[in-house]
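The structure under discussion appears below in the form of structure tokens.
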Amino acid sequence: MASAEVRQIRRRIKSVESTMKITRAMELIATARIGKAQQRVAQNKPYTEKMNDVIRNIGAATGSLSHPLLEQREIHNVGVLVVTSDRGLAGGYNSSVIRLAEHAVAAHQAAGRNVRLYTVGAKALGYFRYRKYQISHHWLSVTDTPTYSDARSLANIVLDEYASGRVDAVEAYTTEYVSALTQLAEKWPVLPIEPPEAADGTVDVAVGYEFEPSAEEILGRLLPRYLEGTMFGMLLEASASEHAARRRAMKAATENAEELTRLLTREANQARQAEITTEISEIVGGAEALSHG
Amino acid sequence: MARMFQVDIVTPEAVVWSGEAELVTARTTEGDIGVLADHQPTMAALSTGAVKVVHADGVTIAGIHGGFLQIYRNQVTLLTDRAEITEGTVEDARRTAVELREAEAEAEEPEPAV
Chain A
1 MASAEVRQIR
11 RRIKSVESTM
21 KITRAMELIA
31 TARIGKAQQR
41 VAQNKPYTEK
51 MNDVIRNIGA
61 ATGSLSHPLL
71 EQREIHNVGV
81 LVVTSDRGLA
91 GGYNSSVIRL
101 AEHAVAAHQA
111 AGRNVRLYTV
121 GAKALGYFRY
131 RKYQISHHWL
141 SVTDTPTYSD
151 ARSLANIVLD
161 EYASGRVDAV
171 EAYTTEYVSA
181 LTQLAEKWPV
191 LPIEPPEAAD
201 GTVDVAVGYE
211 FEPSAEEILG
221 RLLPRYLEGT
231 MFGMLLEASA
241 SEHAARRRAM
251 KAATENAEEL
261 TRLLTREANQ
271 ARQAEITTEI
281 SEIVGGAEAL
291 SHG
Chain B
294 MARMFQVDIV
304 TPEAVVWSGE
314 AELVTARTTE
324 GDIGVLADHQ
334 PTMAALSTGA
344 VKVVHADGVT
354 IAGIHGGFLQ
364 IYRNQVTLLT
374 DRAEITEGTV
384 EDARRTAVEL
394 REAEAEAEEP
404 EPAV
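These protein sequence lines are chains A and B, in that order. Numbering of the first sequence is given in the working numbering, commencing with residue 1 and proceeding in unit increments. Numbering of the second sequence is given in the working numbering, commencing with residue 294 and proceeding in unit increments.
This is the structure in structure tokens:
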């Protein structure tokens, strides 16, 4: 019959084991989803590259790019977009991007600029709302598997804010997917649009393009698409980063649980052994007493 | 055998079609355009309609909605938000393109929660 101590340790082992089952399942799910998310990032690359190409070529063909979306204004009001996930259990994924954004907001305010805050994901919304920040727009259930219409919705709101003059610039705080092991929280300039820089040799200035309709009109149609494209790329990277961070966090949790079970099992064995030893010495002591009696 | 040139139909989600072709027709905002090898470098805005690609293995037809067409040194790139390769005739592809446009209009309808 196990004593109270042994029973208690066994109960803890069971609880740790069931937690471990959950963390291991989440690790496996995240692993599967990283693959898919990574693939989507890769499939988005050709579009982004071609889009950059087209903008560079228009720039080269017309001498210089000029469009309201490209103009640097004096910044009095700045839009800050924070991209986080809807769910936690992803290690430092959300907190590092939120911290970065909060510092930026504080810096803007210290410099006398007004900040309009846009958030993606429940985590950023919860964090900033709890701290009584005014949130101009928020999006939910986007980052798990971002779609192009999500990106378009983001781009439309941001464009509207910019065009109406409510903000003079927009910057995004999001997580770049460097590799499965490294994800970096960082700032992405969104508006005004910084035209992609021409890499040497990719643009042939001498080419006389024919534009249908005019170059200005094409640029005017192109830039909003370009913004949507960058937003989409940003969301895809954030999503891949989220899954990678979750996998790492869950892997660490599973390993901790394994270690803990090992320690607890050893403790339980020791307690049981101690009990048996006590029992034996009691029996032996009792027998001795009887035979001497 | 007609001269061939590189054609890519690219959306944000995937490369829909890529390969060598001898003729591409598409509908721009200014009207239909037909592209053969050594076409003048051109940049055009696409409207909703069908794209027809004639290549070595036959004809591929896709419905597309919006986007841009770039012709540069025998490289034709169609950048579009939505594209779908369709079976059947150009007419079918046009219908697909209109459906894509409607799908997009629908997706945009619900305003983001504020």
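Backbone N, C-alpha and C fix where the C-beta goes; we use that ideal spot for every residue, glycine too. Keep in mind that this is a model prediction, so the values were computed, not measured.
{"Query": "Residue 118 (chain A) vs residue 79 (chain A) beta-carbon contact at 8 Å", "Result": "yes"}
{"Query": "Own chain partners of residue 223 (chain A) with C-beta closer than 7 Å, once the 5 adjacent residues on each side are dropped", "Result": "67, 69 and 193"}
{"Query": "Spatial neighbours of residue 72 (chain A) in its chain, beta-carbon cut-off 7 Å, leaving aside the 5 residues before and after", "Result": "192"}
{"Query": "Short CB-CB distance (under 8 Å) between residue 298 (chain B) and chain A", "Result": "no"}
{"Query": "Where residue 128 (chain A) meets chain B, residues with beta-carbon distance less than 7 Å", "Result": "Residues of chain B passing the Cβ test: none, with the nearest at roughly 15 Å."}
{"Query": "Stretch pair the stretch 107-117 of chain A + the stretch 134-147 of chain A: three plus CB contacts closer than 8 Å", "Result": "yes"}
{"Query": "Cross-chain neighbours of residue 374 (chain B) in chain A, by beta carbon under 9 Å", "Result": "148, 152, 225 and 228"}
{"Query": "Straight-line gap, residue 336 (chain B) to residue 209 (chain A) (C-alpha atoms, nearest Å)", "Result": "7 Å"}
{"Query": "is_contact[residue 379 (chain B), chain A] using C-beta, thresh 8 Å", "Result": "no"}
{"Query": "Best match in A:175, A:156 and A:179 for proximity to residue 121 (chain A) [C-alpha to C-alpha]", "Result": "A:175"}
{"Query": "Under 8 Å between C-beta atoms of residue 370 (chain B) and residue 301 (chain B)", "Result": "yes"}
{"Query": "Contact set between the stretch 330-364 of chain B and chain A, restricted to residues whose Cβ is under 7 Å from the partner", "Result": "333, 334, 335, 336, 337, 338, 361 and 363"}
{"Query": "Any C-beta of chain E under 8 Å from that of residue 132 (chain A)", "Result": "Note that chain E does not occur in the displayed structure, where the protein chains are A and B."}
{"Query": "Bridge-paired residues (DSSP) for residue 301 (chain B)", "Result": "B:311 and B:370"}
{"Query": "Any 3 or more C-beta pairs closer than 8 Å across the stretch 48-67 of chain A and the stretch 148-161 of chain A", "Result": "no"}
{"Query": "Identity of the residue in A:147, A:29, A:46 and A:234 nearest residue 243 (chain A) by Cα", "Result": "A:29"}
{"Query": "Partner residues on chain B for residue 54 (chain A), Cβ-Cβ distance less than 8 Å", "Result": "336, 361, 363, 370 and 372"}
{"Query": "Inter-residue spacing [alpha-carbon to alpha-carbon] between residue 185 (chain A) and residue 309 (chain B)", "Result": "32 Å"}
{"Query": "Members of the stretch 297-323 of chain B near chain A, C-beta cut-off 9 Å", "Result": "301, 303, 304, 305, 306, 307, 308, 311, 321, 322 and 323"}
{"Query": "For residue 338 (chain B), the three-state DSSP class (helix, strand or coil)", "Result": "strand"}
{"Query": "Reduced DSSP category for residue 17 (chain A) - H, G, I as helix; E, B as strand; rest coil", "Result": "helix"}
{"Query": "Partner residues on chain B for residue 359 (chain A), Cβ-Cβ distance less than 7 Å", "Result": "Look at the range of chain A in this structure, 1 to 293, and you will see that residue 359 (chain A) is not part of it."}
{"Query": "Range of the contiguous alpha helix (DSSP H) that encloses residue 236 (chain A)", "Result": "215-292"}
{"Query": "Which listed residue (A:219, A:190 and A:275) has its alpha carbon closest to that of residue 55 (chain A)", "Result": "A:219"}
{"Query": "As assigned by DSSP and simplified to three states, the class of residue 67 (chain A)", "Result": "coil"}
{"Query": "Chain-order list of residues whose beta-carbon lies under 8 Å from that of residue 303 (chain A) (same chain, five-residue window excluded)", "Result": "Residue 303 (chain A) is absent from the model: chain A starts at 1 and stops at 293."}
{"Query": "Contacting residues, own chain, Cβ-Cβ under 6 Å from residue 297 (chain B) (five flanking each side not counted)", "Result": "313 and 315"}
{"Query": "Validate contact between the stretch 9-18 of chain A and the stretch 227-237 of chain A using beta carbons, cut 8 Å, 3 pairs", "Result": "no"}
{"Query": "Bridge partner(s) assigned by DSSP for residue 210 (chain A)", "Result": "B:335"}
{"Query": "Neighbour flag for residue 121 (chain A) against chain B, beta carbons, 8 Å", "Result": "no"}
{"Query": "Close Cβ partners of residue 77 (chain A) (< 7 Å) along its chain, the five nearest in sequence each way excluded", "Result": "113, 114, 116, 166, 167 and 168"}
{"Query": "Selected residue, minimal CA-CA separation from residue 342 (chain B), among B:396, B:386 and B:378", "Result": "B:386"}
{"Query": "Collapsed DSSP secondary structure at residue 126 (chain A) in the structure displayed", "Result": "helix"}
{"Query": "Contact with chain A by residue 385 (chain B), beta-carbon distance below 8 Å", "Result": "no"}
{"Query": "Continuous beta strand (DSSP E) stretch holding residue 137 (chain A): start and end", "Result": "135-139"}
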